[in-house]
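Per our numbering, the very first residue in the sequence shown carries number 640; after that it's consecutive. Beta carbons: idealized from backbone N, C-alpha and C, even for Gly. Source: prediction; values computed, not measured. Here the structure is laid out as structure tokens; the discussion comes afterwards.
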Amino acid sequence: MTTIVSCYYKTKINKHSHDKYDNWIRWLVLGLNKVNIVVYTQESDREYLTAIFEENKNIQYKIIVKELNDLAIVKKYPDIWVNQERIDPQQHISRRKECYIIWNSKFDFLKETIDSNPFDSEYFIWNDIGNVRDLNTARFLQGYPNKDKISRDKLDIILLRPFERKQDIFYTNEVHFSGSMFGGHKETLTTLHEKYYNIFDLYINSNKFIGCDQQLISTMYILNSSLFNTIIPKMGLIDVWFYLYYYYSN
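Below, the structure is given as structure tokens:
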């Protein structure tokens, strides 16, 4: 079986209200069927998440407590986050250093889960915990994910906007991929884990904004396009940001 990997950290500043996140989390967790899921969180959120997961007896789950300050990129780069807030090109929206840390830890969460592999899986999916935002999306969960639709030697990811200038290396406000969901075989994800954090280092050493992982994924694609299965979503079926629910469903 496949393992879904996600995280939840309630912070002081969020893009959406807790009530909205609560509804979205419940739609995801309670809609899943016969799947494994690992979720990283902080101690203050563990009991809240456990209560939700215990309502679904049709899944196997593991909740791992890891405080934000204990995440790898915080330990490696303890002093970059104030400057990252300062150079954020979208300071007007509700995102701060906690968001940057969480978004840039997705590949670390995946790698840690692959290494421990509590459910003995070959395939893994990163899945934002709050991206089932309507009943139309929720209807795809019963057959999600179909392991036979997951690529073995490439990263499956939704291409939202094509690249106009593939010679670019750094991206700031451009969004080409949905970082909300992506998946692949454990060997491919392990390879991309190393490449992602090499790119993270490159951005930091060049004093570039790293707060949004989607821009770093764009750079990773430009440098390693052969490792990507770019999926162009069909319009009108589902929110294109979350099209992988449709693509990976039965």
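Query raised in the report: Alpha carbon to alpha carbon, how far is GLU686 from ILE676?
Result: Here the question's residue 686 lines up with position 47 in the sequence shown. Here the question's residue 676 lines up with position 37 in the sequence shown. The straight-line gap from Cα to Cα measures roughly 16 Å.
**Report entry** SER656 versus GLU737 - alpha carbon distance
**Finding:** Along the sequence shown, one-based indexing puts residue 656 at 17. Along the sequence shown, one-based indexing puts residue 737 at 98. So the two alpha carbons sit approximately 16 Å from each other.
Query raised in the report: Which residues mark the beginning and the end of the beta strand (DSSP E) in which VAL678 is found?
Result: Here residue 678 corresponds to residue number 39 of the sequence shown, with the count starting at 1. Per DSSP, VAL678 belongs to the beta strand (DSSP E) from 675-680.
Report task. Using beta-carbon positions only, say whether GLY818 and GLN853 come within less than 7 Å of one another. Result -> One-based indexing of the sequence shown puts residue 818 at position 179. One-based indexing of the sequence shown puts residue 853 at position 214. Yes; because the gap between Cβ atoms is below 7 Å, this pair is in contact.
Query raised in the report: Hey, would you say ASN889 sits closer than 7 Å to ASN785, going by beta carbons?
Result: Position 250 of the sequence shown holds residue 889. Position 146 of the sequence shown holds residue 785. A contact, by the Cβ cut-off of 7 Å.
Report task. Take THR776 and list the residues in its own chain whose beta-carbon comes closer than 7 Å to its own, dropping the five residues that flank it on each side. Result -> If you number the sequence shown from 1, residue 776 lands on position 137. Cβ within range, chain order: ILE877, ASP878, PHE881, TYR884.
Query raised in the report: What's the C-alpha gap between LEU799 and GLN806?
Result: As a position in the sequence shown, residue 799 is number 160, starting the count at 1. As a position in the sequence shown, residue 806 is number 167, starting the count at 1. Each residue's alpha carbon lies about 19 Å from the other.
Query raised in the report: Quick one, which of GLU706, VAL721, MET874, ARG804 has its alpha-carbon nearest ILE849's?
Result: Position 210 of the sequence shown, counting from 1, holds the residue named residue 849. Closest option to ILE849, Cα to Cα, is VAL721.
**Report entry** Buried/exposed call for HIS672, threshold 16 Cβ in 10 Å
**Finding:** Looking up residue 672 in the sequence shown gives position 33. Note that residue 672 is Asn in the sequence shown here, rather than His. Its Cβ having fewer than 16 others within 10 Å, ASN672 is exposed.
Query raised in the report: Apart from the five residues on each side of it in sequence, which residues of its chain come closer than 6 Å, Cβ to Cβ, to ILE726?
Result: To locate residue 726, count along the sequence shown from 1; it is residue 87. If we look at ILE726 and ignore the five residues flanking it on each side, its Cβ neighbours are PHE848.
**Report entry** As assigned by DSSP and simplified to three states, the class of LYS873
**Finding:** For the purposes of this step, residue 873 is taken as the residue at position 234 of the sequence shown. If DSSP states are grouped into helix, strand and coil, LYS873 belongs with coil.
Query - Through-space distance from ASP709 to LEU669, alpha-carbon basis - result: Indexing the sequence shown from 1 puts residue 669 at position 30. Indexing the sequence shown from 1 puts residue 709 at position 70. In a straight line, the C-alpha of LEU669 is about 29 Å away from that of ASP709.
Query raised in the report: Out of ASP787, TYR860, PHE802, GLU724, which has the shortest C-alpha to C-alpha gap to HIS634?
Result: Not covered by the structure: residue 634. The range shown for the chain is 640 to 889.
Requested in this report: Take ILE797 as the anchor and find which of THR811, ASN766, ARG778, LEU780 has the nearest alpha-carbon.
Outcome: The residue you call residue 797 lines up with position 158 of the sequence shown. Closest option to ILE797, Cα to Cα, is ASN766.
Query - VAL815 (DSSP reduced to helix, strand or coil) - result: Here residue 815 is taken as the residue at index 176 of the sequence shown, counted from 1. First, the residue type needs correcting, since residue 815 is His and not Val in the sequence shown. If DSSP states are grouped into helix, strand and coil, HIS815 belongs with coil.
Report task. Whole angstroms is fine: what's the gap from THR869's alpha carbon to PHE809's? Result -> By 1-based counting over the sequence shown, the position of residue 869 is 230. By 1-based counting over the sequence shown, the position of residue 809 is 170. In a straight line, the C-alpha of THR869 is about 19 Å away from that of PHE809.
Query raised in the report: Would a C-beta distance cut-off of 7 Å place TYR679 and TYR783 closer than the cut-off?
Result: One-based indexing of the sequence shown puts residue 679 at position 40. One-based indexing of the sequence shown puts residue 783 at position 144. Not closer than 7 Å, so no.
Query - DSSP three-state assignment for CYS738, whether helix, strand or coil - result: Against the sequence shown, residue 738 aligns to sequence position 99. Looking at CYS738 - three-state DSSP - the assignment turns out to be helix.
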